[in-house]
Amino acid sequence: MSRIPEAFADGPAFIPYLAVGDPDYESSIEYVEALERGGADVVELGLPFSEPVAEGPTIQNAVVRALEGGMTPTRFFEFVEELDVDVPLVCMTYYNLIYRYGDDDGNRPRAFVEKAAEVGLDGFVVPDLPAEEAGPLREACDEFDLDLVFIVAPTTEGERLERIMEQVSGYVYVQARLGVTGARSDVSTQTDESLARLDEWDVPKAVGFGIKTGEHAERIVAGGADGIIVGSALVDIVAEGHENGDSAETVASRLETKARELSEGASRGFAQRPPHPERT
Amino acid sequence: MSTSDGKFGRYGGQYVPEALMPAIEELEDAYERYVLNNEDGFMDEFRQRLRDFGGRPTPTQYAERLSERYGRDVYMKREDLVHGGAHKLNNALGQVLLAKYMGKDRIIAETGAGQHGTATAMACAHLDFDCEVYMGERDINRQRPNVFRMKINGAEVNPVTVGRGTLKEAISETMRDWATNVEDTHYVIGSVVGPHPFPAMVRDFQSVISEEAREQMRERAGTLPDSVLACAGGGSNTMGAFAEFVDDDGVDLYAVEAGGSSLSVDEEKGVAPNSASLSTGGEGVLHGARTKLLQDRDGQIMESHSVSSGLDYAGVGPELAYLVDEERVTPVNVDDDGALEAFHRLSRMEGVIPALETAHAFAYLEDEHGNLGETVLVNVSGRGDKDLESVIEETEKRGIENAPDMSMFSGGLR
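Respectively, the protein sequence lines represent chains A and B.
For what it's worth, this note's numbering labels the leading residue of the first sequence as 40, then goes sequentially.
For what it's worth, this note's numbering labels the leading residue of the second sequence as 511, then goes sequentially.
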């Protein structure tokens, strides 16, 4: 059973992302555990794919490092089993890896989901799988009680929103602005408009793309988000540490500090929100 | 074959980031209205511009000396005579015109060998659009004349340095640009690949090749060909050459892929020393469609290889994958050396300097002409001027036997 709903039960969820295996397997374990210590409520674990079309340069480079370090779906599952964390874990990857996993007997994508459930994952985000093509994965997730998170973009409107609402579970990933992933120095006003469009949805709304600081986190949660998703700002810390030859321990400590900044920012934002009619 | 649901059997579909889906839906609507239903006379204008600007129809030429060599009638559909020197203009002109009907302001494209980028840059200059082309750094080095052609037509050329710097990376990068600027930008995909409606739409723009060839063969030869040969990378000239023959059961269709240096793969390094995804690829999802791909057992996309950068792609159009499964199209392949030999043979024997892509189809003709029937049609997808630098280099490096001796000029030519 997915543990994701619990993560949103008591205030805003801070959801960090890291590419698993970046820059190597062992360090990556330490980094994820440091994020939990820093206040992560859910962790998005990126399973690297060779053609990450929705990612900006920061995560693209992380994916290259992880693949060069030998990360594969099999190693990814071992990684999840080895992690010593208590928070829900979401696998973020591209559909081809999910589709190809297991044998060739047409049992796709069930084999991947079955294995994910076995190692303790709670759900998936698949950036190149729109609601129209997600039927088989949704079915497998239902069978194993895992969540399937969908992304809502600033361009998503009308019937498309309905289609996504029917299939989404866990949380909805609200893309803060058009483009690819990457840290930015400001927060897009598109976020408020996107959140307003999803006001009636009864699934938690987590905003991602471009969040870099505790202040960003504060503003977005104060504006109505139930959670924040941060990837590139954390991957930047990993990349910088790797380039400078810093120890995994040092990098982990920086990640923990950054996670705390973001998590506390989200909590401050939550305190500023007017009481929600349904929550009072 | 038409597609109403975006699928060819189990291939095709729309596997793209959510931010692009509204644009894909908008394009689907425009495709149905303008291309399929000729709303506002779109197809009439397209055909007229193909004639006046593009130089169509291209001839179907009887290849006298090849016919003599192989003891059968060989015809060549001369897409190298289209404006710009390749079939690519058929699609680029169609899509840029469609972008104009859709009210878009900006065009982006990716290119491998540079022919699609050149065609798009020309179409954009012709129809007054801003144009940016993404091209792998490695391909830029292999295809400098085409880079210059794009630039003199006013296009910006953006080098892509990630990965190995070829077409696969350029497509991913163009998708990222599209996801960022989707509201005012149209992405002119260069082959029958990508999310629906691109594979069907690009096929429709390219099917003018087989439409003309079919009629010209009836006029010239009094019969349809026994076989049609076309090289296949992504597959746009292939589908263009095959589309109107698919229902003719007596016409065998051969998609000639780049066998590169070997059909085996190096799983460890994730490298396929070929670009033969129809012959050797597995089913998967890449760049918006489910199709046949060069990938390792985990589903990571492999680096492909061909002496011809225009064929150097790890995927192929979903409709071709479907037609191969249905046994309507036969996938075959020839290696780099065979293609280079065919390049020199065709140039020497017929006075037609083919693109290295096209040379693959002629290499197959050389090897297998005995099995292709009495009348063979080969699609000359483009001209080889763009490839001269790499042909000189590769010919010398590999010691291709039928190549001219350039040693006394080498200093001056480099």
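Just so it is clear, CB atoms sit at the ideal spot from N, CA and C, and this is done for glycine as well.
DSSP-derived helix/strand/coil call for residue i
| i | result |
| --- | --- |
| L603/B | helix |
| I4/A | Only positions 40 to 319 of chain A appear in this structure, which leaves residue 4/A out of reach. |
| T885/B | strand |
| S512/B | Per-residue confidence for S512/B stands at a pLDDT of 47, beneath the threshold of 50, marking its modelled position as unreliable; no derived number is given. |
| I43/A | helix |
| K779/B | coil |
| L84/A | strand |
| Q311/A | coil |
| V242/A | coil |
| T319/A | Any reading at T319/A must be qualified, since the residue scores a pLDDT of 42, below 50, and its modelled position is unreliable; the value itself is stated next. In this structure, T319/A counts as coil in the three-state DSSP scheme. |
| P655/B | helix |
| R559/B | helix |
| Y210/A | coil |
| I268/A | strand |
| R893/B | strand |
| R686/B | helix |
| A731/B | coil |
| G880/B | helix |
| A235/A | helix |
| L923/B | Annotation note: pLDDT 44 at L923/B (below 50); position unreliable, coordinate value reported separately. Reduced to three states, the DSSP call for L923/B is helix. |
| N668/B | strand |
| R588/B | strand |
Counted within 10 angstroms of its Cβ, other Cβ atoms place residue i as buried (16 or more) or exposed
| i | result |
| --- | --- |
| I43/A | buried |
| I662/B | exposed |
| N547/B | exposed |
| A235/A | exposed |
| N889/B | buried |
| H706/B | buried |
| S917/B | exposed |
| R149/A | buried |
| G326/A | Residue 326/A falls outside the range modelled here, since chain A spans only 40 to 319, and no answer is possible. |
| P914/B | exposed |
| E172/A | buried |
| N656/B | buried |
| Q311/A | exposed |
| Y572/B | exposed |
| Q558/B | exposed |
| N912/B | exposed |
Closest by C-alpha distance to residue i, when choosing among the options
| i | options | result |
| --- | --- | --- |
| S900/B | R858/B, E535/B, G880/B, Q653/B | Q653/B |
| R543/B | F518/B, M612/B, G564/B | M612/B |
| V756/B | G780/B, E829/B, P914/B | E829/B |
| S819/B | R616/B, A768/B, G604/B | A768/B |
| M131/A | V81/A, L122/A, F183/A | V81/A |
| E107/A | G162/A, G221/A, F47/A, Y64/A | Y64/A |
| T470/B | A740/B, H797/B, S701/B | Shown here, chain B extends from 511 to 924; a query on residue 470/B therefore has no answer. |
| E777/B | L804/B, A786/B, D694/B, M711/B | L804/B |
| L86/A | G78/A, V103/A, G95/A | V103/A |
| A46/A | A245/A, E117/A, E282/A | A245/A |
| R728/B | R561/B, T885/B, E903/B | T885/B |
| Y580/B | S917/B, G883/B, I910/B, H879/B | H879/B |
| E904/B | L856/B, N881/B, G770/B, D808/B | G770/B |
| T97/A | G266/A, P169/A, Y56/A | Y56/A |
| F88/A | S682/B, F715/B, Y585/B, A869/B | S682/B |
| S772/B | Y764/B, I617/B, V766/B, S785/B | S785/B |
| Y644/B | L677/B, D615/B, S737/B | L677/B |
| W240/A | R202/A, V274/A, G221/A, V219/A | R202/A |
| G743/B | Q726/B, S816/B, D762/B | S816/B |
| T252/A | S292/A, E303/A, R216/A, D231/A | E303/A |
| R504/B | L763/B, A751/B, D806/B | Since the first residue of chain B shown is 511 and the last is 924, residue 504/B is not available in this structure. |
| D49/A | T289/A, T195/A, D265/A, P313/A | D265/A |
| P166/A | L200/A, M204/A, L185/A, T220/A | T220/A |
| V826/B | A799/B, T695/B, A852/B | A799/B |
Anticipated Cβ contact below 8 Å, residue i with residue j, distance rounded
| i | j | result |
| --- | --- | --- |
| D649/B | G673/B | No, D649/B and G673/B are not in contact; Cβ-Cβ is about 12 Å, not under 8 Å. |
| F163/A | V129/A | 7 Å |
| A865/B | G892/B | 4 Å |
| S746/B | N601/B | 6 Å |
| V188/A | G209/A | 5 Å |
| L294/A | A58/A | With a Cβ gap of about 13 Å, L294/A and A58/A do not count as contacting. |
| F639/B | Y832/B | So it is not a contact: roughly 33 Å between Cβ atoms. |
| Y70/A | V277/A | 6 Å |
Neighbour flag for residue i against chain C, beta carbons, 8 Å
| i | result |
| --- | --- |
| M685/B | The chain labelled as chain C is not found among the protein chains of the depicted structure, namely A and B. |
Exercise for review: Note down, one range per segment and in chain order, each alpha helix (DSSP H) of at least 4 residues found wholly within the stretch 808-859 of chain B.
Suggested key: Segments of the alpha helix (DSSP H) lying fully in the stretch 808-859 of chain B: 828-835.
Practice item. May I have a chain-ordered list of the beta strand (DSSP E) segments no shorter than 3 residues that lie completely inside the stretch 129-205 of chain A? Key: 162-164, 186-188
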